[in-house]
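Peer 1: Structure in structure tokens, see below.
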Amino acid sequence: MAFESKIRPIYWDNGVSKMLDQTIIPYEYKYVEIKTGDEMFDAIKTMIVRGAPAIGIAGAQGVVLYAIEGSKKYSDINEFKNWLIQKADYMATSRPTAVNLMWACDEQKKVIKNSASDIDGLIKELTDKAVEIELDDIERCKKIGDYGAEVVPKGATILTHCNAGALATGGYGTALGVVRSAYAKDNTIQVFADETRPRQQGARLTTFELAKDGIPVTLITDGMCSYFMNKGMIDMVVVGADRIAANGDAANKIGTYTVAIAAKYHNVPFYVAAPLSTIDISIKSGKEIPIEERSHEEVTHINGKRICAEGINIINPGFDVTPHELISGIITEKGILRPDYNKSIAELFK
Ligand code: MRU
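Just so we're aligned, residue 2 is where the sequence shown starts under my numbering, counting upward by one.
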């Protein structure tokens, strides 16, 4: 059952991409226009748009923007295609961990390679594909939500980490899609949202979108999850993912692994919710997932103000990998995968 979100983080509008600037939520709620491929690359890198499925949508739109620019430089279709394929490859490098970005750029490369149209016709095909990827994501997330809602106990308190919501997708959410679908059936459920340092996607984005939809949410800091699990106040954990290996190991925002260990210790079910485009069957385990190293300022500063001594060492990995043995189930648009993930994932991609 769908509980419509009021948020549409990114959409294509007559030759430009319009996206909510997620770096300024909750202080401001403002759309920005992205008009060139290079601007899209920067928007992804600087996290104006973020979240695995949303940066996939952005990447697909970025290829269209490059195509529009290229049409002013090239008249030969083959030269145009060769140039555009290089640009699609470049767009795929704007962030390294979420495989949805590479997947969406690959989808656009398939359109380029298979097209028999002229340049204008190819731009139309690429635009249609980008819009399809966006709208399709909303439908997939609703299915994820509905499958996930089946395992949410009545009146449950669901802990989530980071933001795997409408803002991170086409507009419904993966982990928060499960919350939305569960809430539509049972409005006594509630969410505990981890703050998610350093960029505070939980505090800034998850609480914002749940509050906007009227779904009860309690903000906690990252170190508090064991405390509340020990008190019996968390019934399940649902998080999103940026890349899932063939054995079920799942990369998600840094700190997710800690939550999974705490959940295992306290016998709290730990679910990962993600579309099939997040599963990378080309890699055997999470060890092969590239982990983004982000700016040290994200750790040393809050709201532009330094919070620690000068001259100290900083390390800032953006993601960690939760080993498959800590994951109770992977909720996809095709149903809930259970261990042994090597088998259940392979079955899905047969
Ligand atoms: O660095 P971010 O904000 O892009 O990280 C986002 C996450 O880790 C999400 O949980 C993940 O992308 C899943 S979004 C449906």
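Where is the CB? At the ideal position from N, CA and C, for every residue including glycine.
Everything numeric in this text was worked out from a predicted model, so none of it was measured.
At the level of alpha carbons, what is the spacing between Thr-24 and Ile-49?
Peer 2: For the purposes of this step, residue 24 is taken as the residue at position 23 of the sequence shown. For the purposes of this step, residue 49 is taken as the residue at position 48 of the sequence shown. Their backbone Cα atoms lie some 5 Å apart in a straight line.
Peer 1: Quick check on the burial criterion: 16 or more other C-beta atoms within 10 angstroms. Buried or exposed for Ile-11?
Peer 2: Against the sequence shown, residue 11 aligns to sequence position 10. The residue is buried, with at least 16 neighbouring Cβ atoms inside 10 Å.
Peer 1: Taking all protein chains shown into account, do 16 or more other C-beta atoms lie within 10 angstroms of the C-beta of Thr-222, making it buried, or fewer, making it exposed?
Peer 2: Taking the sequence shown and counting its residues from 1, the one referred to as residue 222 is at position 221. With fewer than 16 Cβ atoms within 10 Å of its Cβ, Thr-222 is classed as exposed.
Peer 1: Three or more C-beta pairs closer than 8 Å, one from the stretch 271 to 284 and one from the stretch 308 to 320: is that the case here?
Peer 2: no
Peer 1: Does the stretch 230 to 239 come close enough to the stretch 154 to 162 that 3 or more CB-CB pairs lie under 8 Å?
Peer 2: yes
Peer 1: Kindly indicate the opening and closing residues of the beta strand (DSSP E) around Phe-193.
Peer 2: Counted from its first residue, the sequence shown places residue 193 at position 192. Start and end: 191 to 195.
Peer 1: When the Cα atoms are used, what is the spatial distance from Ile-284 to Thr-98?
Peer 2: Residue mapping note: residue 284 aligns to position 283 of the sequence shown, counting from 1. Residue mapping note: residue 98 aligns to position 97 of the sequence shown, counting from 1. Distance between the alpha carbons of Ile-284 and Thr-98: 13 Å.
Peer 1: Apart from the five residues on each side of it in sequence, which residues of its chain come closer than 7 Å, Cβ to Cβ, to Thr-170?
Peer 2: As a working note, residue 170 is residue 169 in the sequence shown. For Thr-170, where only same-chain residues beyond five positions count, the Cβ hits under 7 Å are Gly-52, Pro-54, Ala-55, Asp-138, Cys-142.
Peer 1: For the beta strand (DSSP E) that contains Val-260, what are its first and last residues?
Peer 2: In the sequence shown, the residue the question calls residue 260 occupies position 259. It is not in any beta strand (DSSP E) - Val-260 instead sits in the alpha helix (DSSP H) that spans 257 to 266.
Peer 1: Which same chain residues, not among the five before or five after His-302, have their C-beta less than 7 Å away from its C-beta?
Peer 2: Within the sequence shown, the letter at position 301 stands for residue 302. The answer, listed in chain order, is Ile-308.
Peer 1: Taking Val-112 as the reference, which of Ala-275, Ala-176, Lys-130, Arg-96 has the closest Cα?
Peer 2: The residue you call residue 112 lines up with position 111 of the sequence shown. Nearest of Ala-275, Ala-176, Lys-130, Arg-96 to Val-112, Cα basis: Lys-130.
Peer 1: Counting only runs that start and end within the stretch 156 to 196, where is the beta strand (DSSP E) found for 3 or more residues in a row?
Peer 2: 158 to 161, 191 to 195
Peer 1: Just mark Thr-333 as buried or exposed, buried being the case when its beta carbon has 16 or more other beta carbons within 10 Å.
Peer 2: Here residue 333 refers to the residue found at position 332 of the sequence shown. With 16 or more Cβ atoms within 10 Å of its Cβ, Thr-333 is classed as buried.
Peer 1: Below 8 Å on the Cβ atoms is my guess for Gln-191 versus Asn-164; work out the distance and round it to an integer in Å.
Peer 2: What you label residue 191 is simply residue 190 of the sequence shown in a count that begins at 1. What you label residue 164 is simply residue 163 of the sequence shown in a count that begins at 1. No, Gln-191 and Asn-164 are not in contact; Cβ-Cβ is about 17 Å, not under 8 Å.
Peer 1: Which two residues bound the contiguous beta strand (DSSP E) that contains Asn-343?
Peer 2: Counting from 1 along the sequence shown, the entry for residue 343 is found at position 342. Run containing Asn-343: none in the beta strand (DSSP E); it sits in the alpha helix (DSSP H), 342 to 349.
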